[in-house]
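**Q**
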Amino acid sequence: MNIKRHITTFFTMLALLSISLFAASCSDDNNDEGNRSGNSIEINGTEYNLSWFVSMVGSWNETLESGEFTISVDVEHNDIIDVEYYSFRFEKSSYPAVGDDFAQMNLTLEPLNSDDSIWDNDYTYTSGKAVVTNTNPDESEITIAFDNLTMSKDGYAYSFNGTVTLPFEFDEYEGIQPEPEGY
Numbered sequence: 055m056n057i058k059r060h061i062t063t064f065f066t067m068l069a070l071l072s073i074s075l076f077a078a079s080c081s082d083d084n085n086d087e088g089n090r091s092g093n094s095i096e097i098n099g100t101e102y103n104l105s106w107f108v109s110m111v112g113s114w115n116e117t118l119e120s121g122e123f124t125i126s127v128d129v130e131h132n133d134i135i136d137v138e139y140y141s142f143r144f145e146k147s148s149y150p151a152v153g154d155d156f157a158q159m160n161l162t163l164e165p166l167n168s169d170d171s172i173w174d175n176d177y178t179y180t181s182g183k184a185v186v187t188n189t190n191p192d193e194s195e196i197t198i199a200f201d202n203l204t205m206s207k208d209g210y211a212y213s214f215n216g217t218v219t220l221p222f223e224f225d226e227y228e229g230i231q232p233e234p235e236g237y
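Residues in the sequence shown are numbered consecutively from 55, following the working numbering.
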């Protein structure tokens, strides 16, 4: 892994930690507005709600022909809500479309949570599926159905099951025009 990616990952983690601590301080609100209704995922056999307070917007890069999306989940530790992140990267020559299986796109996973170090964290595809079931450029969302998607590294594995709707930026999506130059 190159030094630029290490630096980027470090500062991303620092920013996420700061935001997570702020979000955790609001955990005693005792309401369900913090979670998207019905938006949860099973990771290694445990059901987690997607975090509403802190989420990272996925995207696709035309120049690099690759993209990323992140699952942010709320995890309770000693009556404090913490946020853990599972950042996926994929390779594709165009925006994700309905029916695409990310598992077939050189998919990697970088868990950004307390269980793993922040350096050299790439887990690789082992088995299962992660299929795009809906794209909504107007709402900047993508829906992905995980079917026993397993990502592994050095004898450790993460398994994902369930359907989630995640933030995903479609700025250059067909029909959305860029601003004219000079603005």
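Glycine residues also receive a C-beta, built at the ideal position from the N, C-alpha and C atoms.
Apart from the five residues just before and just after Thr217, which ones in its own chain have a Cβ nearer than 6 angstroms to its Cβ?
**A** Once the five neighbours on either side are set aside, the close Cβ partners of Thr217 are Ala199.
**Q** If you check the beta carbons only, do Val127 and Leu104 fall under 7 angstroms apart?
**A** Cβ atoms of Val127 and Leu104: closer than 7 angstroms.
**Q** Since Ser206 sits in a beta bridge, which residues does DSSP pair it with?
**A** Note: Ser206 sits in a beta bridge opposite Thr178 and Ala211.
**Q** Sort out for me which residues DSSP pairs Lys241 with in a bridge.
**A** Limits of the chain in this structure are 55 at one end and 237 at the other, which puts residue 241 out of reach.
**Q** Please tell me whether Leu203 and Gly112 are closer than 7 angstroms, where the distance is taken between their beta carbons.
**A** The answer is no: Cβ separation not under 7 angstroms.
**Q** Can you give, in chain order, each stretch of the beta strand (DSSP E) that sits fully within the segment 103-138 and has at least 3 residues?
**A** Correct list: 113-115 and 120-131.
**Q** Return helix, strand or coil for Phe144, following the three-state DSSP convention.
**A** Looking at Phe144 - three-state DSSP - the assignment turns out to be strand.
**Q** Any idea what DSSP makes of Phe224, helix, strand or coil?
**A** It is coil, neither helix nor strand.
**Q** From Glu101 to Thr197, what does the alpha carbon distance come to, in whole angstroms?
**A** Distance between the alpha carbons of Glu101 and Thr197: 18 angstroms.
**Q** Which same chain residues, not among the five before or five after Ser213, have their C-beta less than 6 angstroms away from its C-beta?
**A** Closer than 6 angstroms at Cβ, skipping near neighbours: Asn98 and Thr204.
**Q** May I ask you to report which of helix, strand or coil DSSP gives Pro150?
**A** Three-state result, Pro150: coil.
**Q** From this set, Gly182, Val186 and Ile135, which residue's C-alpha is nearest Asn215's C-alpha?
**A** Checked all of Gly182, Val186 and Ile135; the closest Cα to Asn215 is Gly182.
**Q** What do you get for Ser141, buried or exposed, if any count of 16 or more other CB atoms within 10 angstroms of its CB means buried?
**A** Counting Cβ neighbours within 10 Å, Ser141 comes out buried, since at least 16 surround it.
**Q** Please classify Glu164: is it buried, with 16 or more other beta-carbons within 10 angstroms of its beta-carbon, or exposed?
**A** Looking at its Cβ environment, which holds 16 or more other Cβ atoms inside 10 Å, Glu164 is buried.
**Q** Measuring straight from C-alpha to C-alpha, what distance separates Glu145 and Val129?
**A** Answer to the nearest angstrom: the Cα atoms are 29 angstroms apart.
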